[in-house]
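Visitor: Counting in UniProt numbering, the final residue of the sequence shown is number 395, and the numbers go up one at a time with none missing. C-beta: ideal position from N, C-alpha, C; glycine also.
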Amino acid sequence: MRKDNIRNIAIIAHVDHGKTTLVDGMLKQSGIFRENQQVEDRIMDSMDLERERGITIAAKNASVFYKGVKINIVDTPGHVDFGGEVERSLNMIDGALLLVDASEGPLPQTRFVVKKALEKSLPILLVINKIDRSDARIKEVLDEIYELFIEVEADDKQIDFPILYTNAKLGVAHNKPGDSSDDLHPLFEAILKEIPGPEADDNKVPQLLITSLDYDSYVGQLSIGRLENGTLEMNKNYRLCGEDGISDNIKFSALYKYEGLSKKQVDKVYAGDIIAVAGVENVKIGDTISSSEDPQPLKRFKVDDPTVSMLFYVNSSPFSGKEGDYLTSRHLLNRLEKETLRNVSIKINKTECTDAFEVCGRGELQMAVLIETMRREGYELMVSKPKVILKEKNG
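(1) Report buried or exposed for Lys257, applying the criterion of at least 16 other Cβ atoms within 10 angstroms of its Cβ.
(2) Give the range of the alpha helix (DSSP H) segment to which Ile150 is assigned.
(3) Excluding five sequence neighbours on each side, which residues of the same chain lie with their C-beta closer than 6 Å to the C-beta of Tyr238?
(4) CA-CA distance, Pro108 and Ser89?
(5) Drop a sphere of 10 angstroms on the beta-carbon of Asp182, count the other beta-carbons inside from all chains shown, and report buried for 16 or more, exposed for fewer.
(6) Can you give the Cα-Cα distance for Val314 and Ser384, rounded to whole angstroms?
(7) Does the pairing of the stretch 117 to 125 with the stretch 133 to 140 give three or more beta-carbon distances under 8 Å?
(8) Counting only runs of 3+ residues fully inside the stretch 191 to 221, write out the beta strand (DSSP E) ranges in chain order.
(9) With a CB to CB cut of under 6 Å and the five nearest residues on each side skipped, what residues in its chain are close to Val266?
(10) State the Cα-Cα distance for the pair Met234 and Leu208, rounded to the nearest angstrom.
(11) Beta carbon of Leu232, beta carbon of Gln29: below 7 Å?
(12) Just tell me which of Lys115, Asn61, Val100 and Gly230 has its CA closest to the CA of Glu153.
(13) Which word fits His79, buried or exposed, when buried means at least 16 other C-beta atoms lie within 10 angstroms of its C-beta?
(14) Answer yes or no: do Pro206 and Cys241 have a C-beta to C-beta separation smaller than 7 Å?
(15) If we count the other Cβ atoms within 10 Å of its Cβ and call it buried at 16 or more, is Asp156 buried or exposed?
(16) Can you tell me where the alpha helix (DSSP H) holding Met382 begins and where it ends?
(17) Could you pull out every unbroken beta strand (DSSP E) segment of at least 3 residues lying fully inside the stretch 313 to 362, listed in chain order?
(18) Beta-carbon separation of Glu337 and Asn349 under 7 Å?
(19) Hey, how far is the Cα of Tyr218 from the Cα of Ser212?
(20) Going by other Cβ atoms of all chains shown within 10 Å of its Cβ, with 16 needed for buried, is Ile71 buried or exposed?
(21) Cα-Cα, which of Ile163, Phe161, Ile12 and Glu259 is closest to Arg111?
(22) Once you ignore the five residues that flank Leu341 on each side, which residues in its own chain have a CB closer than 7 Å to its CB?
Below you can see the structure in the form of C-alpha cells.
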C-alpha cells in the first residue's frame, strides 16, 4: 500500500549547480527554523571540506513538512568519485529532482547519477536553476536534457518529465518562466503531485535496509536506512541479517526519525520513513534488521567496484612526528578500517610490507578528500601516486 503522508526524494545535480542552495531554501521556507534563529548558508554541508570546496561529499538526510506531508530530502554527491554514496541514497528514495544550471546544461557527472536513477525506474522532476543568469539558454538546455535521457535509454514515461524553473538563491520556483510565483510553493506542489509515496505496510514483518552508518559520541554507532515494511519499537527484540547469516536477538539503545536537520528520538517508527537506530553491533551497509520470529532479509545492493588504488605508508621521513599525533601502522590501519565501515566504495588490502596498506577507491577526488580528512584528524602518512585498477574480461 502507498503512504500518502511521506515523500522520499533525492536531488541530483552537478557540482556547483545550486543543489545545496535549493535545499537551504526548502528548509527555510518550510518553517523548520525559528524566526530569530541565525542560519548559515549551505546548511546541509556539515563537513569543513564540503564548505571549502563547495561540493557534497557524503549523502545526508533532512526533512521538511508541507501540507501535512513529510518530505525526506537525501542530499547526494554529484561526483562519480562518490558513487558509493549515490547508490546508497538511491535505495532510500521514490523519486528525484534533477537540478540543472540554465547556462551550463547537463554535465558528465549528472549523466552518471541520472543513469543510476533511471535504472531503478525512479520518476524524475526536472528543475532548471539559475534562470536569472545573463547567459541562461533555457531552450537549448532542455533539448540537451532530452538528448541525455535518450542516450541513457530512458523509456517514454521517463522522458515525459515535468519541468520547473528556479532561482535557488532567491528561493523562487516557477511552473513557466516569468509567472507570478515569489516562493518555492510550486516546487513543493510538484513534489507532492509527481513523486509517489513509498510502497510500505506497517502490518508486515519489519525490514530495515541499512544504507548508511554514522557515529554519535553520545549513543555510538548509528545505522541509517528506510524502513521498507513493519514498525520498529524500543525494548523489543529484532534480528540482524548480514552477509554471514542471521544474528542472535538485538535491542536498540535509541530510535530516531529525521525532523528538519536534526534527529528526534522516538519510541516507535513506521514503514516508509527514513530512520536511524543505535545499539546494533557489527552492522554493515547492506544488512537488514528484521523481526526476531520471522527474519526476512532484503536484497543487498551492489556498489560499483573501485577504479584506482594508492598505497598509504607510515610516515618515515625526517619530519615524522612534527605535525600529527597518530604515527604508527596500527593507528593508520584502525583509521582506514573505520573508513570502510562508513564508506562502502573504499576497500583496504594489506601488503607484504607491514607499514603499507593498499587503499582502493572510485577516483582521485575521493582519495584526496580521505587523505586531507585524515591529515586534519592528526594522522601522519605518506602516499604513492594513484594507479588504475586493471580488470580482464573474457580474456
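Guide: In short:
(1) Looking up residue 257 in the sequence shown gives position 257. Buried, because 16 or more other Cβ atoms sit within 10 Å of the Cβ of Lys257.
(2) As a working mapping, residue 150 is identified with position 150 in the sequence shown. Taken as a continuous stretch (DSSP letters only), the alpha helix (DSSP H) holding Ile150 covers Ile138 to Glu151.
(3) Start at 1 with the first residue of the sequence shown, and residue 238 comes out as number 238. Excluding sequence positions up to five before and after Tyr238, its CB lies within less than 6 Å of the CB of Ile250, Ile289 and Ser292, all in the same chain and listed in chain order.
(4) Position 108 of the sequence shown, counting from 1, holds the residue named residue 108. Position 89 of the sequence shown, counting from 1, holds the residue named residue 89. C-alpha separation (whole angstroms): 19 Å.
(5) Your numbering for residue 182 matches position 182 in the sequence shown. By the neighbour-count rule (16 or more Cβ atoms within 10 Å), Asp182 is not buried but exposed.
(6) Along the sequence shown, read from residue 1 onward, the residue named residue 314 stands at position 314. Along the sequence shown, read from residue 1 onward, the residue named residue 384 stands at position 384. The straight-line gap from Cα to Cα measures roughly 12 Å.
(7) Counting C-beta pairs closer than 8 Å gives fewer than three between the stretch 117 to 125 and the stretch 133 to 140, which falls short of the contact rule.
(8) Correct list: 207 to 216.
(9) One-based indexing of the sequence shown puts residue 266 at position 266. Leu255 and Lys257.
(10) In the sequence shown, counting from the first residue as 1, residue 234 sits at position 234. In the sequence shown, counting from the first residue as 1, residue 208 sits at position 208. Rounded to whole angstroms, the gap between the alpha carbons of Met234 and Leu208 is 15 Å.
(11) In the sequence shown, counting from the first residue as 1, residue 232 sits at position 232. In the sequence shown, counting from the first residue as 1, residue 29 sits at position 29. No. Outside cutoff.
(12) Taking the first residue of the sequence shown as 1, we reach residue 153 at position 153. Nearest option by C-alpha distance: Lys115.
(13) In the sequence shown, the residue the question calls residue 79 occupies position 79. Because His79 sits at a pLDDT of 47, beneath the cut-off of 50, its placement in the model cannot be relied upon, and the following sentence gives the value as read from the coordinates. So His79 ends up on the buried side.
(14) For this step, residue 206 is matched to residue 206 along the sequence shown. For this step, residue 241 is matched to residue 241 along the sequence shown. Against a cut-off of 7 Å, the Cβ pair of Cys241 and Pro206 comes out as no contact.
(15) For this step, residue 156 is matched to residue 156 along the sequence shown. Burial call: exposed.
(16) For the purposes of this step, residue 382 is taken as residue 382 along the sequence shown, with counting starting at 1. Going by DSSP, Met382 is part of no alpha helix (DSSP H) but of the beta strand (DSSP E) stretching over Leu381 to Val383.
(17) Those beta strand (DSSP E) runs which fall completely within the stretch 313 to 362 and span 3+ residues are 347 to 350 and 356 to 361.
(18) Taking the sequence shown and counting its residues from 1, the one referred to as residue 337 is at position 337. Taking the sequence shown and counting its residues from 1, the one referred to as residue 349 is at position 349. Against a cut-off of 7 Å, the Cβ pair of Asn349 and Glu337 comes out as no contact.
(19) Along the sequence shown, one-based indexing puts residue 218 at 218. Along the sequence shown, one-based indexing puts residue 212 at 212. For Tyr218 and Ser212, the gap between their C-alpha atoms comes out near 18 Å.
(20) Start at 1 with the first residue of the sequence shown, and residue 71 comes out as number 71. Burial is judged here by how many other beta carbons sit within 10 angstroms of a residue's own beta carbon; Ile71 has at least 16 and is buried.
(21) On the sequence shown, position 111 is the one that residue 111 refers to. Residue Ile12 is the option with its Cα nearest to Arg111.
(22) Here residue 341 is taken as the residue at index 341 of the sequence shown, counted from 1. Around Leu341: Leu213.
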